[in-house]
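Mapping of the sequence shown onto the working numbering: residues 18 to 203, in sequence order.
For glycine and all other residues, C-beta sits at the position ideal for the given N, C-alpha and C.
Computed from a predicted model, the values in this text were never measured in an experiment.
Reading through the structure tokens given below for one structure.
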Amino acid sequence: MVAVAPCSGFHHAKYASGFGYCTFNALMVTAMVLKQTGLVKNVGILDFDMHDGDGTTTLIEHHDASEWITHYTAGREYLASYQADEFLLRIPEMVAEMRDCDIILYQAGADPHINDPLGGFLTTDQLRTRDKLVFESAKALAIPIVWNLAGGYQIDANGGISEVINIHNNTMRECVAVYASPSDYM
Ligand SMILES: [Zn+2]
């Protein structure tokens, strides 16, 4: 099962302040609402933005939620192109570490792209492989997944954001390829 929330700017926002283009931490808002309404026991937050999801980390501490939220932020350990193959190889394992979660919130950042001025370790094809592996792994484990957009700062020759849109479109293409049936959608 999959759902898409085409909005972004979450993981640096803390309890009482925004930071780094993030006003509210909708990853944590979503997790807290799902928990408080009894819809889930455990939530996974899989953050594949280029940067450390430090706001999410502080909110998990603030709400004493580490027992039921499994948070993985790749920006804490994957920063350079020589790590790209290892990162991709580890994705099934990262998702499998969330096997006890009732839902995964997947933050599909565009700023790990190698040409991003604030990022830089994955090619366009590698980003696409990243998304394919996340969706395939979640589907194989039958864990529902909700994905959203995240950082992406490339400006094209016309001053537009076509490169960023292309990366987000590729995430959608991989989503549709893995979740091919209408019944896959929440
Ligand atoms: Zn970022």
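Three-state secondary structure (DSSP) of residue i
| i | result |
| --- | --- |
| C39 | strand |
| L139 | strand |
| A20 | strand |
| D64 | strand |
| H185 | helix |
| Q53 | helix |
| A197 | coil |
| A33 | coil |
Outcome for residue i when other beta-carbon atoms lying within 10 angstroms are tallied against a minimum of 16
| i | result |
| --- | --- |
| I160 | buried |
| E191 | buried |
| M115 | buried |
| N187 | buried |
| R93 | exposed |
| S172 | One point to set straight first is that residue 172 is Ile, not Ser, in the sequence displayed. Its Cβ having fewer than 16 others within 10 Å, I172 is exposed. |
| N132 | exposed |
| H29 | buried |
| N175 | exposed |
| C24 | exposed |
| F36 | exposed |
| G128 | A small correction: the amino acid at residue 128 is Asp; Gly does not occupy that position in the sequence shown. Buried, because 16 or more other Cβ atoms sit within 10 Å of the Cβ of D128. |
| Y123 | buried |
| K149 | buried |
Rounded distance between the beta-carbons of residue j and residue i, thought under 8 Å
| i | j | result |
| --- | --- | --- |
| I77 | H88 | 6 Å |
| I120 | V163 | 7 Å |
| Y170 | L139 | Actually they do not touch by this definition, with Cβ atoms about 15 Å apart. |
Task: Heavy atoms of ligand 2 versus C-beta positions, residues under 5 Å - done: This structure does not include ligand 2; its bound ligands are ligand 1.
TODO: Mind listing, in chain order, the continuous beta strand (DSSP E) runs of no fewer than 3 residues lying wholly within the segment 68-117?
DONE: 86-90
Open item on the list: For the structure I just gave you, are there three or more beta carbon pairs, one from the segment 183-199 and one from the segment 49-58, closer than 8 Å?
Closed with: no
Task: beta strand (DSSP E) segments (min. 3 residues) lying fully within the segment 121-176 - done: 162-167
Task: Cβ contact (3+ pairs, closer than 8 Å) linking the segment 32-48 and the segment 97-105 - done: no
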